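First to last, the protein sequences are chains A and B.
First residue of the first sequence? That's 3 in the numbering used here, and the numbers climb one at a time after it.
First residue of the second sequence? That's 378 in the numbering used here, and the numbers climb one at a time after it.
For glycine and all other residues, C-beta sits at the position ideal for the given N, C-alpha and C.
Note that the structure is predicted; figures quoted are calculated from it, not measured.
Below: one structure, written as structure tokens.
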Amino acid sequence: MSGNNPIATIEHTTGISHSSQPAPTIKAVNLTKVFGDRVCVDHLNFGVHAGELYALLGDNGAGKTTTINMLTTLLSPTEGEFYICGYHGIRDAEKTKGVFGVVSQDVAIYQELTAYENLAFVAQLYGIPRQQAAPRIEQLLSQAGLSERANDLAGEFSMGMQRKLSIATAILHEPRVLFMDEPTVGLDPASRRQIWASLKELRAHGVTILLTTHYLEEAELLADRIGIIRQGKLVAEGTIDELRLKIQGIRSIAIRLTDQLEPADLQSRIDRLLLRFPTQVSFDPLRNTISFAQPRDSQLANCLHVVLGWLEEEKIRFSKFATSEPNLEEVFLAVAAGKDERECSDIAMSNQGEPE
Amino acid sequence: MQQILAIINKDILQWTRRPLYFISSIMLAILIIWIVGDTIAGARSIPFGLYDPAGISELSKHLTESKRFLVHGYDDLEQAKKDLTIGKIAVLANVKQDPLEDEVQILTEGHNPLVDQQISMGILSVLTQKAKELSLPLHSVSLFPVTFGLRDFVTPGLAAYLCYVLASMNLGFSWIYEWMERTYRQIILAPDGLRAAIVAKTFTVTVEASVVLWLALCITSPLADFTLGSNFWGLVIFTVISMFCFTCIGLGFACMLRTIRIYTMTVSILGVALMFVSGVVIPVEAMPFWEQIGARSLPMYYSADAFKGVMLGTPADYWRDALVLFAWGCAGLTVASILLNRRRATL
């Protein structure tokens, strides 16, 4: 860190008081990028704290990669600013580069060089003395499970191995911040799990990670906090639990009926339920399954109590009864698509398959 | 400096892993110097029939010395004409055997104007150079008599052209390849990485292409029979300056064009145009005025001028040539730096 006080700089620039909280390691302030007349990133504000893994989710073209490109100094913002470890990302671009590592979507390693040579090149690039670099390279190769193949050409490696080598090159200079732009795209499940393990280990060592991914399961598993970006804007942010609460309406209850009921009869029974329990109901005649969306303002236990009571009163027999927790995909789809509660319920209904 | 050395080390390693690329570069250079040079310098060993049984004209000796003709002597004129008809010889000189007539009739097939032109040029060359010995009322005089032939004269121009081809192609391919492979991202994300990449790549390509050209010239010189001159250091210095210039121009083009396909097409077509416009094939002085202006503003003209000076000893303004080449190089680097700074995200 430089001699100036980076925390004070952020406070002064943003006007945000951080008296009780330490300054975020990554901070974007009104970060904007405009290409022609298209606003790619629109006044993005977020912060990632030291040792935190922050996942940025968004569909294609949402502005995730543009955001990463700006934060890694590859792209100049049209407006706004950002700070990495207290350095002003635009004014101190070269200093900023020294504190972060980047794993991009593409495997940026030299195919004609061996795994060891690739890492040795990066070590020299960052000015790491040879005697310090050698044990570090050995350590990273070992962690990546590539020790045995250290002297093989990288071009002969599988995609998973190349990706692991790519991560090793990104963290060779022991960056305090790691940007990862969809690092597991195109990998098989086993390789993805290995990369997740590496990420968890890095986080355990205090590295601040900003991850973009399409794999929602990945974010759910790894991220401390998630930001959802849509059309360049951060539309939702929080922990997974916080995000789930925000769109509670997409949780649903599905019941498979034992007997085939007449549509008119079923409708009248449902109408009686709706008098006490206003919700969205749908019926799938193929599966003979009826689904209820949990209203945003009600507790699950209460909903279950009401629905079970209704089944008993109406003497409706059922073979299966299931509740579905919203997974991150549903959260993502609901928030990213800008759905309101009613539409969220529709999503829940459409995602509701066979009750288990 | 640390970054520059790292990239140079990496480039050398990659270079050693791709020996075929290096070998094929040398082969390409040899082919151009040899084949294109010989073609531009004119035909050699044209089968020449000479009917001069009494040896009155001494043409046999002088035509053979010129190396342009392979002389077949005939005692029977009819047989010689038959051979001309069937293409065994391309031209027949019928020397009148009456010493008082002093007349030579030249017969050709007449089918191919380009062959006739080569024959005319060859005979004219022999006649003007040997006119005094032949006692002919026809001779040429030069203000600065030179000891080199047309083949020697063509080679420096080709060396300048090869500087363009080797430097721009090598730079363009390696730069765009890394661009496409996204490997440069690793470099430019390091502190001062972009500047280091530009300097290192310019350096390695300049050195690699220079080595390729020197090797090609040394291998081809004894085979194609042309002189490299005696100014060794002049040749080294101007090869490096020319390579630097064209490397930087190639870098500028690579940053502008960005795909191998468009780059190859543009640089190849431009190369042929430059070769013709820069006095490599046709002297600049023999071009239309507007083309002369164009030629004198292009770097290959100055590169060719300097190569002619160091290889043949012809008058050349070395300082002017070096300055113009350096200025073009700097212009290429400036364009590349501006474009790369704008397009860092695409690297």
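**M378 (chain B) in three-state terms, based on DSSP** = Coil at M378 (chain B), not helix or strand.
**Message:** Quick check on the DSSP output: the alpha helix (DSSP H) that includes K29 (chain A) runs from which residue to which?
**Reply:** For K29 (chain A), no alpha helix (DSSP H) segment is defined; the enclosing uninterrupted segment is the beta strand (DSSP E) at 28-37.
**Asked** What first and last residue would you give for the alpha helix (DSSP H) that runs through C622 (chain B)?
**Response** Looking at the DSSP string, the run of the alpha helix (DSSP H) that includes C622 (chain B) is 609-634.
**Boundaries (first-last residue) of the beta strand (DSSP E) holding N47 (chain A)** = Here the beta strand (DSSP E) through N47 (chain A) covers 40-50.
**Cβ shell of A586 (chain B) (< 6 angstroms), same chain only, five flanking positions each side left out** = Contacts found: L543, A544, N547, M620.
**Request:** Tell me where the alpha helix (DSSP H) around R165 (chain A) begins and ends.
**Result:** R165 (chain A) -> alpha helix (DSSP H) spans 161-173.
**Prompt:** Which of helix, strand or coil does DSSP assign to T650 (chain B)?
**Reply:** According to the sequence provided, residue 650 (chain B) is Ala. The question's Thr does not apply to it. Here A650 (chain B) sits in helix by DSSP.
**Prompt:** Can you list the residues of chain A that K465 (chain B) reaches, using a CB-CB cut of under 7 angstroms?
**Reply:** Near K465 (chain B) there are no residues of chain A at all, since even the closest Cβ is about 55 angstroms away, more than 7 angstroms.
**Rounded Cβ spacing between T69 (chain A) and L46 (chain A) (contact assumed at less than 8 angstroms)** = So it is a contact: roughly 6 angstroms between Cβ atoms.
**Message:** Quick check on L245 (chain A): does DSSP put it in helix, strand or coil?
**Reply:** Note: L245 (chain A) maps to helix in three-state DSSP.
**Item:** Where E119 (chain A) meets chain B, residues with beta-carbon distance less than 7 angstroms
**Value:** Going along chain B in sequence order, the residues near E119 (chain A) (Cβ under 7 angstroms) are L390.
**Message:** Which residues in chain B have a C-beta closer than 9 angstroms to the C-beta of G311 (chain A)? List them in chain order.
**Reply:** Residues of chain B passing the Cβ test: none, with the nearest at roughly 59 angstroms.
**Residue(s) in a DSSP beta bridge with Q482 (chain B)** = DSSP lists B:N471 as partners of Q482 (chain B).
**Prompt:** In whole angstroms, what separates the C-alpha of F603 (chain B) from that of A406 (chain B)?
**Reply:** Between F603 (chain B) and A406 (chain B), the C-alpha separation is close to 15 angstroms.
**Asked** At what residues does the alpha helix (DSSP H) containing K99 (chain A) begin and finish?
**Response** Judged by DSSP secondary structure, K99 (chain A) falls within the alpha helix (DSSP H) whose first and last residues are 95-99.
**Request:** Taking only beta-carbon positions, decide if I86 (chain A) is within less than 8 angstroms of chain B.
**Result:** Judged by the 8 angstroms Cβ criterion, I86 (chain A) is not in contact with chain B.
**Message:** So, at 7 angstroms on beta carbons, what are the nonlocal neighbours of N120 (chain A) in its own chain, with the 5 sequence-adjacent residues on each side left out?
**Reply:** I111, Y112, A156, L167, T171, listed in sequence order.
**Request:** Identify whether R274 (chain A) lies in helix, strand or coil by the three-state DSSP scheme.
**Result:** Look at R274 (chain A) here: in three-state DSSP terms it is helix.
**Message:** Would A431 (chain B) and Q474 (chain B) be called neighbours here (beta carbons separated by less than 8 angstroms)?
**Reply:** The criterion of a C-beta distance shorter than 8 angstroms is satisfied by A431 (chain B) and Q474 (chain B).
**Prompt:** Nearest chain A C-beta to L382 (chain B) closer than 8 angstroms, yes or no?
**Reply:** So, interface residue.
**Message:** What does the alpha-carbon distance come out to for the pair R278 (chain A) and K235 (chain A)?
**Reply:** Each residue's alpha carbon lies about 39 angstroms from the other.
**Prompt:** Residues bridged to Y428 (chain B) by DSSP?
**Reply:** Note: Y428 (chain B) sits in a beta bridge opposite B:Y451, B:N471.
**Request:** Report yes if the C-beta distance between A574 (chain B) and L628 (chain B) is below 8 angstroms; otherwise report no.
**Result:** Between A574 (chain B) and L628 (chain B), the C-beta gap is not smaller than 8 angstroms, which leaves the two residues out of contact.
**Request:** Buried or exposed for I412 (chain B), please, with buried defined as at least 16 other CB atoms from any protein chain shown within 10 angstroms of its CB.
**Result:** By the Cβ-count criterion, I412 (chain B) is exposed, with fewer than 16 other Cβ atoms from all chains shown falling within 10 Å of its own Cβ.
**Request:** Check whether the Cβ atoms of A117 (chain A) and A95 (chain A) sit closer than 8 angstroms, and answer yes or no.
**Result:** For the pair A117 (chain A) and A95 (chain A), the CB atoms are not nearer than the 8 angstroms cut-off.
**Prompt:** Would you call the CB atoms of I500 (chain B) and A467 (chain B) closer than 8 angstroms?
**Reply:** Their beta carbons are not under 8 angstroms apart, which means I500 (chain B) does not touch A467 (chain B) by this criterion.
**Request:** Find out if the Cβ-Cβ distance for the pair T75 (chain A), K99 (chain A) is shorter than 8 angstroms.
**Result:** Cβ distance < 8 angstroms, so T75 (chain A) and K99 (chain A) count as in contact.
**Item:** Chain-ordered chain A contacts of K578 (chain B) [CB-CB under 9 angstroms]
**Value:** Neighbours of K578 (chain B) on chain A: none; closest Cβ ~14 angstroms, over 9 angstroms.
**Request:** Could you round the C-beta distance between A2 (chain A) and L213 (chain A) to whole angstroms and report it? I think they count as a contact, below 8 angstroms.
**Result:** The requested residue 2 (chain A) is not part of the displayed model; chain A covers only 3 to 358.
**Message:** Run through chain B and tell me which residues come within less than 9 angstroms of L115 (chain A), C-beta to C-beta.
**Reply:** In chain order: K387, L390, Q391, R394.
**Item:** Neighbour-count burial assignment, P533 (chain B), 16 or more Cβ in a 10 Å radius
**Value:** With 16 or more Cβ atoms within 10 Å of its Cβ, P533 (chain B) is classed as buried.
**Item:** 8 angstroms Cβ cutoff met for V209 (chain A) and V101 (chain A)
**Value:** Cβ atoms of V209 (chain A) and V101 (chain A): not closer than 8 angstroms.
**Prompt:** From R719 (chain B) to S598 (chain B), what does the alpha carbon distance come to, in whole angstroms?
**Reply:** C-alpha separation (whole angstroms): 45 angstroms.
**Request:** Use the C-beta contact count for N71 (chain A): other C-beta atoms within 10 angstroms, 16 or more gives buried, fewer gives exposed.
**Result:** Counting Cβ neighbours within 10 Å, N71 (chain A) comes out buried, since at least 16 surround it.
**Message:** Using a Cβ distance threshold of 8 angstroms, determine whether the stretch 563-571 of chain B contacts the stretch 639-648 of chain B, with at least three qualifying pairs required.
**Reply:** Counting C-beta pairs with one atom in each stretch, the stretch 563-571 of chain B and the stretch 639-648 of chain B have fewer than three that are closer than 8 angstroms, which means they do not touch.
**Message:** Nearest by alpha-carbon distance to F609 (chain B): which of B:L675, B:Y678, B:F684 is it?
**Reply:** Looking at the Cα atoms, B:F684 is the closest of the given residues.
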